[in-house]
Structures are given as C-alpha cells and as structure tokens.
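In the working numbering, the protein residues as written are 20 to 268.
Written below as structure tokens is the structure these notes are about.
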C-alpha cells in the first residue's frame, strides 16, 4: 500500500507545473493526499507512518507551489467583503499545520478592532502563507509572530521572526521567477498595496499592506502600466518591492 503511494507521488513529482497540466496535476495531488490520509490509521509501523506523513506534507507543498504559480500569473482579481476574524482563523489553522513540519508554532493576533475587509481572500491567503513559510525557513526561534491591523482603509499583515532574511537571496529568487516571492508581490499589486521587508539586528519583519477596496463595477481591478516596476529602493536594511504607499516597519 505504502509503496503504491510512493510510486504515485514519484510520478507526480516528475511533472513540471504549466498552464496545460495544472488542473490535472492538482486533481492527482488531491486524490493522492486523500488516499494517504485514509490509509494513515491502518499503518502500525512508525517508520512507514513517518514516510506516509512525509508524502502528505510533500503533497501540501506541491499544492502551495501550484497556488503560487497561479497567483504569480494573475492579472486581475475579484473583490468581496469578508470578516477578518474567520480569515485569521483559517490562516492560523493552515499555518499551524504547516509550521509543525518545521518544529515551530505561530502566534496570530488582531491589533484593535478590524472591520470587514474588501479584498480577494484567496489571493491574500496564499500570499500570507508564503510570508509565514519564508519566516519559518529563516527563523532561528520556535515562534513566528503575525498580526493584522488597520490604518484608514489600509490593512497591514505583519509577520516577524528571529533571524535575518537574506534580502539579496530574495531579489535573486524574484529574478529567477521564484513563485513564492512573485505571488506575494503580485498580491500587493492586485490590491494597490506594498510588500516590505525590514531587517533589524537579529530579527526580520515582513509587511503586506493592502487597500481595502470597494468592489469594481467590472468585478475586477485591472493592473496599471507599472506592473513590471518591482523595486523603488534596495539596501541591506530595507527593501520595498512594489510601487505603492509605504507602510512603516
């Protein structure tokens, strides 16, 4: 049973992600993940259970990569009003599950009263999960801190961790087409926002700032002409990776 699951995953892993096979690949991964989850309770060997959990985690990573790929290519998105409390709960559950594989945990809080946000929750969810994933990879501590606050019509999602993020590596990842970095930046563009990183001492703080926007009559916000403009300033201590109103760190 486990060998069959391993074989199915190896075949999936060999496939690259592109527009032609994205839907089929997503269906195969979801089916494999469901199969693995159903088989989990019937496995008694700790070694086999560990291998199965590794495959399930790899399926989650593959799906996140596919979400990143889709978002990095997105040119327009629809907006809707949603309750940030439920959004934060979804983020917390997904992040807690993801961070458990790193041996880390997350502390998520809302700063003050947060009204309804008008944005695209799916796009924001994917972007925030990438912020948290980056923090987990580079963090030297066990706790990732995240918060949501409002300033006027702008919502700021902050993720902070112990340890320094190499900003040059981040820029190189963007130049190579790194989907995680690209999807965060595209989420900011789609919401007339910003993606900011600050490194101070031995701590890194990432901020995704967005405009809580009214739904467009066309159902989508069309990107302006400056979509290829990615950086207005870059230094070892500070980087702003989107043309926008800046959010203080």
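Quick reminder that beta carbons are idealized off the backbone N, C-alpha and C, glycines included.
Secondary-structure assignment with DSSP links residue 96 through no beta bridge to anything. Annotated three-state conformation of residue 231 is coil, per DSSP. Per DSSP, residue 158 is not a residue of any beta strand (DSSP E), being assigned neither H nor E.
The straight-line gap separating the alpha-carbon atoms of residue 157 and residue 55 is approximately 29 Å.
For residue 222, the pairing in a beta bridge is given by DSSP as 181, 219.
Taking the CA atoms as reference points, residue 96 sits about 29 Å from residue 76.
Put simply, the backbone Cα of residue 87 is about 28 Å away from that of residue 219.
Residue burial is scored here from C-beta neighbours: residue 180 has at least 16 other C-beta atoms within 10 angstroms and is therefore classed as buried. Residue pairing from DSSP places residue 176 in a beta bridge opposite 167, 227.
Residue 152 is positioned such that its CB atom lies closer than 8 Å to that of residue 199.
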